[in-house]
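First up is the structure itself, then whatever we jot down about it.
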Amino acid sequence: MRRIRLLKRARAAAVALLALGLVSACGADRFHGQVVDPPKAAPALAGVNWDGKPFALRDLKGQVAVVFFGYTYCPDVCPFTLAKMKQVYAELGDRAAQVKVVFVSVDPQRDTVEKLAAYVPNFDRRFYGLRLEPKRLDQVARDYGLTVQYGQPKGGIEADAYYYVDHTGTFFVVDREGRLRLKYPPSVPVDQLLPDLRKLLES
């Protein structure tokens, strides 16, 4: 009888360890961001970078990309977002070279390539800063599910006129295979972004 009881206890312990292992394995696959399930090909994104060179998101295949939308006249969210990604780069160290930060302007009227060149490199010269033609931007906004609304200055929208642009501040993370994998709100802290980016780099 004692032998039977010992065998039952051993089996129970083995089952408990297996269950714990399965839970740990599931936990290892968890992400802090909103998971795109199933992963899908990231919508096409092509424009002119702040250095005047053509850019296409598909050319970043093999690396992880963090894409977000904003504008250089943005008073708060956009500069905070770029500063946050600068901190992410600092934390990643040498591995930062495998993570591409892509800032896409939703204000092509004012955000010329020259304006982007005077703005984006101030955060990090490795960051991309894209200008898209208005019609192309409209398509990209639909593809990414963005909301973009322009304020109307009294003098009309001109290159040097000031107006707000309300826009979606979501972070979109694209994996090495060019698939959209994760989304984050603009308030996401660095300590949630970092482990997720590291997981994608290791996969």
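Residues in the sequence shown are numbered consecutively from 940, following our numbering.
Ideal Cβ positions, reconstructed from N, Cα and C, are used throughout, including at glycine.
Item: Beta-carbon proximity list for residue 1123, same chain, < 6 Å, skipping 5 on both sides; Value: 972, 1110
Item: Buried or exposed by the 16-neighbour rule on C-beta atoms within 10 Å, applied to residue 1131; Value: exposed
Item: Coarse secondary structure for residue 1004, derived from DSSP in three states; Value: strand
Item: Exposure of residue 1146, with buried meaning 16 or more beta-carbon neighbours within 10 Å; Value: The structure shown does not extend to residue 1146, since the chain is modelled only from 940 to 1142, so the question has no answer here.
Item: According to DSSP, residues forming a beta bridge with residue 1057; Value: Per DSSP, none; premise fails for residue 1057.
Item: Backbone secondary structure at residue 1091 - three-state DSSP; Value: coil
Item: Test: residue 1008 CB closer than 8 Å to a CB of chain D; Value: Among the chains in the structure shown there is no chain D, since it carries only a single protein chain.
Item: Spatial neighbours of residue 1046 in its chain, beta-carbon cut-off 6 Å, leaving aside the 5 residues before and after; Value: 1010, 1104
Item: Candidates 1015, 1066, 1008: closest to residue 1035 by CA position; Value: 1066
Item: Limits of the unbroken alpha helix (DSSP H) element including residue 1027; Value: 1016–1031
Item: Cα-Cα separation, residue 1048 to residue 1073; Value: 8 Å
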